[in-house]
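As you go down the protein sequences, you meet chains B and Z in turn. Following this note's numbering, the numbering of the first sequence begins with 2 at its first residue and continues without gaps. Following this note's numbering, the numbering of the second sequence begins with 25 at its first residue and continues without gaps.
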Amino acid sequence: DAGITQSPRHKVTETGTPVTLRCHQTENHRYMYWYRQDPGHGLRLIHYSYGVKDTDKGEVSDGYSVSRSKTEDFLLTLESATSSQTSVYFCAISEGTGGGYGYTFGSGTRLTVV
Amino acid sequence: QQQVKQSPQSLIVQKGGISIINCAYENTAFDYFPWYQQFPGKGPALLIAIRPDVSEKKEGRFTISFNKSAKQFSLHIMDSQPGDSATYFCAASTGSASKIIFGSGTRLSIRP
């Protein structure tokens, strides 16, 4: 997806290990988001950022932390991976807040915790 | 707390038919209602969006119908094509919010 890349695209990790997913944007958008996608649950917000070093929790933030030291990078860390965190993770960016500003999503990271 | 309820979970439509996906919301402060389309292995992409000051918005074969009093909105895909086979998410947000709330998704399959 133009302007936003996620890495890695696929990862298999063991239970209890820390994992960091990276989202990188070239659009200079202020807002960045991390969602997880699971069957039957749609897209659920984990954390989001409204500027460098400004972050807030979403609806499913337990077990996750984020950091944003630069406008272009938003990192998602699973502090101690569990099998329930097996999911597809999407990063999204937005130029503004709420109405009228849609999201641009990355291609996702498929994470498997064994 | 599911603020946007989407149905059906899956839908099969014959080529050339009309696909209809429904969503209902609870928060009357929502003022922006986008639909996203997602193909396998890809991230969701904005398809079409509507504000509650209009009852319908059409873009090509895709139409959003909005019923503010019933707090419901729906996506209609006319002349459905196999290339429309994807997962569709309705969503909602408020002007002051920093985040969009998504429905649970509908997997649409168009049979040739």
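A virtual CB, placed ideally from N, CA and C, is assigned to each residue, including glycine. Note that the coordinates shown come from a computational prediction; the quantities given were computed from them, not determined experimentally.
Would you mind working out which of Z:I72, Z:A94, Z:N91, Z:V78 sits nearest R85 of chain Z, comparing C-alpha positions? Position 61 of the second sequence, counted from the start, is the residue given in the question as residue 85 of chain Z. R85 of chain Z has its Cα closest to that of Z:I72, out of Z:I72, Z:A94, Z:N91, Z:V78.
Endpoints, beta strand (DSSP E) assigned at E83 of chain Z: Residue 83 of chain Z sits at position 59 when you count from the first residue of the second sequence. 80-83 is the span of the beta strand (DSSP E), which, as asked, contains E83 of chain Z.
Which of helix, strand or coil DSSP assigns to Q86 of chain B: The sequence position of residue 86 of chain B within the first sequence is 85, counting from 1. Q86 of chain B: helix per DSSP, three-state reduction.
Verify the CB distance criterion: does Y90 of chain B have a CB-CB separation below 7 Å to chain Z? As a first step, residue 90 of chain B must be located in the first sequence, where it is residue number 89. Chain Z, which has no Cβ nearer than 7 Å to the Cβ of Y90 of chain B, makes this no.
Please report the Cβ distance between Q96 of chain B and Q26 of chain B, rounded to the nearest whole angstrom; I am assuming they are in contact, meaning their Cβ atoms lie under 8 Å. Residue numbering aside, residue 96 of chain B sits at position 95 when the first sequence is read from its first letter. Residue numbering aside, residue 26 of chain B sits at position 25 when the first sequence is read from its first letter. This sequence places Glu at residue 96 of chain B; Gln is not what is there. The pair is not a contact, with the Cβ atoms about 11 Å apart (cut-off 8 Å).
Spatial neighbours of F63 of chain Z within its chain, please: CB distance less than 6 Å, with the 5 preceding and 5 following residues excluded, ordered by chain position. The residue you call residue 63 of chain Z lines up with position 39 of the second sequence. Excluding sequence neighbours, F63 of chain Z sits near A110.
Which bits of chain B does S98 of chain Z rub up against, with CB to CB less than 9 Å? Mapped onto the second sequence, residue 98 of chain Z falls at position 74. Chain B residues near S98 of chain Z: none, gap ~17 Å exceeds 9 Å.
Going along the region 18-47 of chain B in order, which residues come within less than 9 Å of chain Z, judged by CB to CB distance? Y32, Y34, Y36, Q38, P40, G41, H42, G43, L44, R45, L46
Test: L71 of chain Z CB closer than 7 Å to a CB of chain B: Taking the first residue of the second sequence as 1, we reach residue 71 of chain Z at position 47. So no, L71 of chain Z is outside the interface.
8 Å Cβ cut-off: residues of chain B touching G84 of chain Z: Looking up residue 84 of chain Z in the second sequence gives position 60. Chain B residues near G84 of chain Z: none, gap ~17 Å exceeds 8 Å.
Does the beta-carbon distance from A94 of chain Z to F57 of chain Z come in below 7 Å? One-based indexing of the second sequence puts residue 94 of chain Z at position 70. One-based indexing of the second sequence puts residue 57 of chain Z at position 33. Going by C-beta atoms, A94 of chain Z is not nearer than 7 Å to F57 of chain Z.
Under 7 Å between beta-carbons, which chain B residues line up against I124 of chain Z? List them in chain order, please. As a first step, residue 124 of chain Z must be located in the second sequence, where it is residue number 100. Residues of chain B passing the Cβ test: Y104.
Just the chain B side, please: which residues come within less than 7 Å of P58 of chain Z by C-beta, in chain order? The residue given as residue 58 of chain Z occupies position 34 in the second sequence. G103, listed in chain order.
What is the rounded straight-line gap between the Cα of E60 of chain B and the Cα of I47 of chain B? Taking the first sequence and counting its residues from 1, the one referred to as residue 60 of chain B is at position 59. Taking the first sequence and counting its residues from 1, the one referred to as residue 47 of chain B is at position 46. Straight-line Cα distance between these residues: approximately 6 Å.
Check this for me: beta carbons of G4 of chain B and R31 of chain B, under 7 Å apart or not? The residue labelled residue 4 of chain B in the question sits at position 3 within the first sequence. The residue labelled residue 31 of chain B in the question sits at position 30 within the first sequence. In this structure, R31 of chain B does not lie closer than 7 Å to G4 of chain B by Cβ.
Return the residue from the list Z:P76, Z:H100, Z:K92 that minimises the CA-CA distance to E83 of chain Z. Working through the second sequence from its first residue, we reach residue 83 of chain Z at position 59. Closest by alpha carbon: Z:H100.
Going straight from the alpha carbon of V78 of chain Z to that of V115 of chain B, what length do you get? On the second sequence, residue 78 of chain Z is found 54 positions in, with the first residue counted as 1. On the first sequence, residue 115 of chain B is found 114 positions in, with the first residue counted as 1. Computed Cα separation, rounded: 49 Å.
Give me the residue from Z:G65, Z:L132, Z:P76, Z:F113 with the minimum Cα distance to R45 of chain B. Counting from one through the first sequence, the residue named residue 45 of chain B turns up at place 44. Among Z:G65, Z:L132, Z:P76, Z:F113, the Cα nearest to that of R45 of chain B belongs to Z:F113.
Sort Z:I36, Z:P32, Z:S43, Z:Q27 by Cα distance to D103 of chain Z and report the nearest one. Here residue 103 of chain Z refers to the residue found at position 79 of the second sequence. Of Z:I36, Z:P32, Z:S43, Z:Q27, the residue nearest in Cα terms is Z:S43.
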